[in-house]
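Residue numbers (the working numbering): 84 to 496.
No residue lacks a Cβ here, since even glycine has one placed at the ideal position from N, Cα and C.
What follows is a short report on a single structure.
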């Protein structure tokens, strides 16, 4: 571990200790089942990958608007294609995975806009808020609280016609449009055609992103810095050096596939936040039945113990994985301290951002993973439509955010 200071070596030790702690808890059967443990470990892998590659779904519009960079969008397109091939291979092999072919509703479109605005305000998304705990604790904590409130308040709308009645469908299997239904003649029950259409759409979006970057690049300073080629030690190569966008997209795709192997389901994140908020209300004396009456959800949503709920542990795993990523790289101390700083007026911005994102997820039946990534990988047209409205909301949100910070800076708050 040459090249690391004493403080960094302590961080590395703590990072490995965190990994060991989770494994020991698993060995001691603290987790209710093997599935819960594995989902926690997959969450850790996702959190580590997102941190190691500086990869976040919110960046699809935030980086494009703030830096003129669309590298993340193009990496996401690659990830969508790889993930769709993985899911397609499961379908062809005779497996019956639970697919998220979301309905195409006005709620989907409105939810995408609200979520886009919210992620511009808070500079994160449903998974990004977990990933940001070690590097932006103040922002992440405020956002998460109000995200949970937004999800909870939106629960009653999930079963409304606005969120459920699809404007059009492709067949009788799902309530939305499933690409597979369009290519039943392709010799693979529609899967090959669906994959090729996904590749085509990803290529179109990637090309548009490249065109946008080239057109707008003159408005942004060239941030590319010539860095001297340095020799990395073995440890630095494996655990410190940043991953490229492509490497990160590949790792996340493989973990996404592993989720299907373990649970036969895709990646979701946002519903848990509403459950958490409801659980807190129960702890403060609110009856679980009153929450059931308001939200239309089961009592178990608000009373299931932490280590018995796979969704809870997967999200907590993302937080742990993000911490591990920074600790093993020896970058935790300086980044954590910087992330504690916050201007008083930013509290309002992050609170509104969390509220908009949380409420928006109930209209669109998911977030950047539940309404975007998983549906696209499952050949759902809804995911692609969500992408465009999400980007539009992000663009609008960044314009509002820019005006907000101008006002804050001029007021010296």
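query	result
Who does residue 463 pair with in a DSSP beta bridge?	261
Quick check: residue 257 and residue 344, are their CB atoms within less than 7 angstroms of each other?	no
Between residue 360 and residue 133, what straight-line distance do the alpha-carbon atoms span, to the nearest angstrom?	25 angstroms
Please state the DSSP three-state secondary structure of residue 138.	coil
Counting only the same chain and skipping the five closest in sequence on each side, list residues whose C-beta sits under 7 angstroms from that of residue 333.	165
For residue 94, does the three-state DSSP call read helix, strand or coil?	helix
Would the stretch 372-384 count as touching the stretch 111-118 if we require 3 or more Cβ pairs under 8 angstroms?	no
Please report the distance separating the alpha-carbon of residue 144 from that of residue 137.	15 angstroms
Would the beta-carbon of residue 453 fall within 7 angstroms of that of residue 351?	yes
Quick one: using the 10 Å Cβ neighbour count with 16 as the cut-off for buried, is residue 152 buried or exposed?	buried
Could you tell me which whole alpha helix (DSSP H) segments of length 4 or greater appear in the stretch 189-241?	189-205, 211-214 and 220-237
Note down, one range per segment and in chain order, each alpha helix (DSSP H) of at least 4 residues found wholly within the stretch 311-338.	317-322
Tell me, to the nearest whole angstrom, how far the beta carbon of residue 428 is from that of residue 285; I am working on the premise that it is less than 8 angstroms.	39 angstroms between Cβ atoms; not a contact.
Is it true that the CB of residue 194 sits closer than 7 angstroms to the CB of residue 446?	yes
Please go through the same chain and pick out, in chain order, the residues whose beta-carbon is closer than 7 angstroms to the beta-carbon of residue 309, but skip the five residues on each side of it.	In this predicted model, residue 309 has a pLDDT of only 47, less than 50, meaning its place in the structure is not dependable enough to derive any value.
In this structure, how does DSSP classify residue 113 when only helix, strand and coil are distinguished?	coil
Less than 7 angstroms between the beta carbons of residue 482 and residue 198, yes or no?	no
Would you decide whether residue 135 is buried or exposed? Buried here means 16 or more other CB atoms lie within 10 Å of its CB.	buried
Hey, how far is the Cα of residue 459 from the Cα of residue 178?	19 angstroms
What does a CB cutoff of less than 6 angstroms around residue 347 pick up in its chain, not counting 5 residues either side in sequence?	180 and 181
Would you say residue 191 touches the ligand ZN, meaning its beta carbon is less than 6 angstroms from a heavy atom?	The model on display carries no ligand, and the ligand ZN is accordingly not part of it.
Would you kindly report the start and end of the unbroken alpha helix (DSSP H) that includes residue 173?	154-175
Looking at the structure shown, is residue 493 part of a helix, part of a strand, or coil, going by DSSP?	helix
Starting from residue 363, trace the alpha helix (DSSP H) in both directions and tell me its first and last residue.	354-366
Compute the distance between the beta-carbons of residue 119 and residue 418, then report whether it is under 7 angstroms.	no
Whole angstroms is fine: what's the gap from residue 325's alpha carbon to residue 315's?	12 angstroms
Consult DSSP for residue 308 and reduce its assignment to one of helix, strand or coil.	Note that residue 308 has pLDDT 45, beneath the 50 cutoff, so the model's placement of it is unreliable and the number below is only indicative. Three-state DSSP puts residue 308 in coil, outside helix and strand.
If you scan the stretch 418-458 from start to end, which runs of the alpha helix (DSSP H) of 4 or more residues do you find wholly inside it?	427-447
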